[in-house]
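**Q** Got a structure for you, questions after.
Residue numbers (the working numbering): 2 to 151.
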């Protein structure tokens with residue numbers, strides 16, 4: 002049985018698609034499945050933001066095929082680990098938990114590393130540097146997660 006990991010941000014077009022792609026590149030896809038979702042349904046069906054696609058491409062990752070979807074209560078049953086990008090995502094996801102078992106699956110992504118901050122900032126309204134910065138944060142956290150899963 003595969004371990005299933007879900008990455009969650011607000012719109013599922015910037016941070017969580019990067020986290021999905023980065024973690025996928027570090028794990029054995031025969032034993033771990035990675036997906037992503039957003040807490041809001043603003044961009045359902047759309048590909049990731051062009052800036053996320055570009056920064057991923059810079060590091061040899063192709064995330065163009067991903068399609069935005071909204072997080073649902075059913076994701077608690079489907080996934081073993083749910084990593085969120087910030088406290089607002091944490092609140093939104095945790096509020097949908099049916100029980101303590103569901104709630105215990107939700108963690109801040111950056112809680113996996115000692116970075117001095119707990120939230121991956123949303124780069125959407127910033128420039129390209131924000132996407133590079135976010136990529137590096139997510140990559141560091143995914144390195145630790147991949148070691149735990151492999």
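Don't be surprised by glycine CBs; every beta carbon is placed ideally from N, CA and C. None of these values were measured; they are calculated from a predicted model.
Only counting runs of 4 or more residues, tell me where the alpha helix (DSSP H) segments fall wholly within the segment 100–125, in order along the chain.
**A** Whole alpha helix (DSSP H) segments, 4+ residues: 101–104.
**Q** Relative to the C-alpha of residue 13, which residue among 130, 45 and 32 is closest?
**A** Among 130, 45 and 32, the Cα nearest to that of residue 13 is on 45.
**Q** DSSP puts residue 81 in a beta bridge; with which residues?
**A** Answer is none; residue 81 lacks a bridge partner.
**Q** Here's a check: name, in chain order, each residue in its chain whose Cβ is nearer than 7 Å to the Cβ of residue 3, leaving out the five neighbours to either side.
**A** Excluding positions up to five away in sequence, the list reads 32, 33 and 34.
**Q** Closer than 8 Å is the cut-off here; do at least three beta carbon pairs connect the segment 89–102 with the segment 53–61?
**A** No: fewer than three Cβ pairs fall under 8 Å.
**Q** Looking only at its chain, what residues have a beta carbon closer than 7 Å to the beta carbon of residue 42, apart from the 5 residues adjacent to it on each side?
**A** Around residue 42: 71.
**Q** Express the C-alpha separation of residue 18 and residue 67 in angstroms, rounding to a whole number.
**A** Going by the C-alpha atoms only, they are around 7 Å apart.
**Q** What would DSSP say about residue 45, mapped onto helix, strand or coil?
**A** Coil, per DSSP.
**Q** Do residue 52 and residue 10 have their C-beta atoms within less than 9 Å of each other?
**A** Going by C-beta atoms, residue 52 is not nearer than 9 Å to residue 10.
**Q** Could you check how far apart the C-beta atoms of residue 7 and residue 80 are, in whole angstroms? I think they sit under 8 Å.
**A** Confirmed, about 4 Å.
**Q** Short check: CB of residue 142 to CB of residue 111, under 9 Å?
**A** Yes, they are a contact pair.
**Q** Quick check on the DSSP output: the alpha helix (DSSP H) that includes residue 7 runs from which residue to which?
**A** No alpha helix (DSSP H) holds residue 7; the beta strand (DSSP E) holding it covers 4–10.
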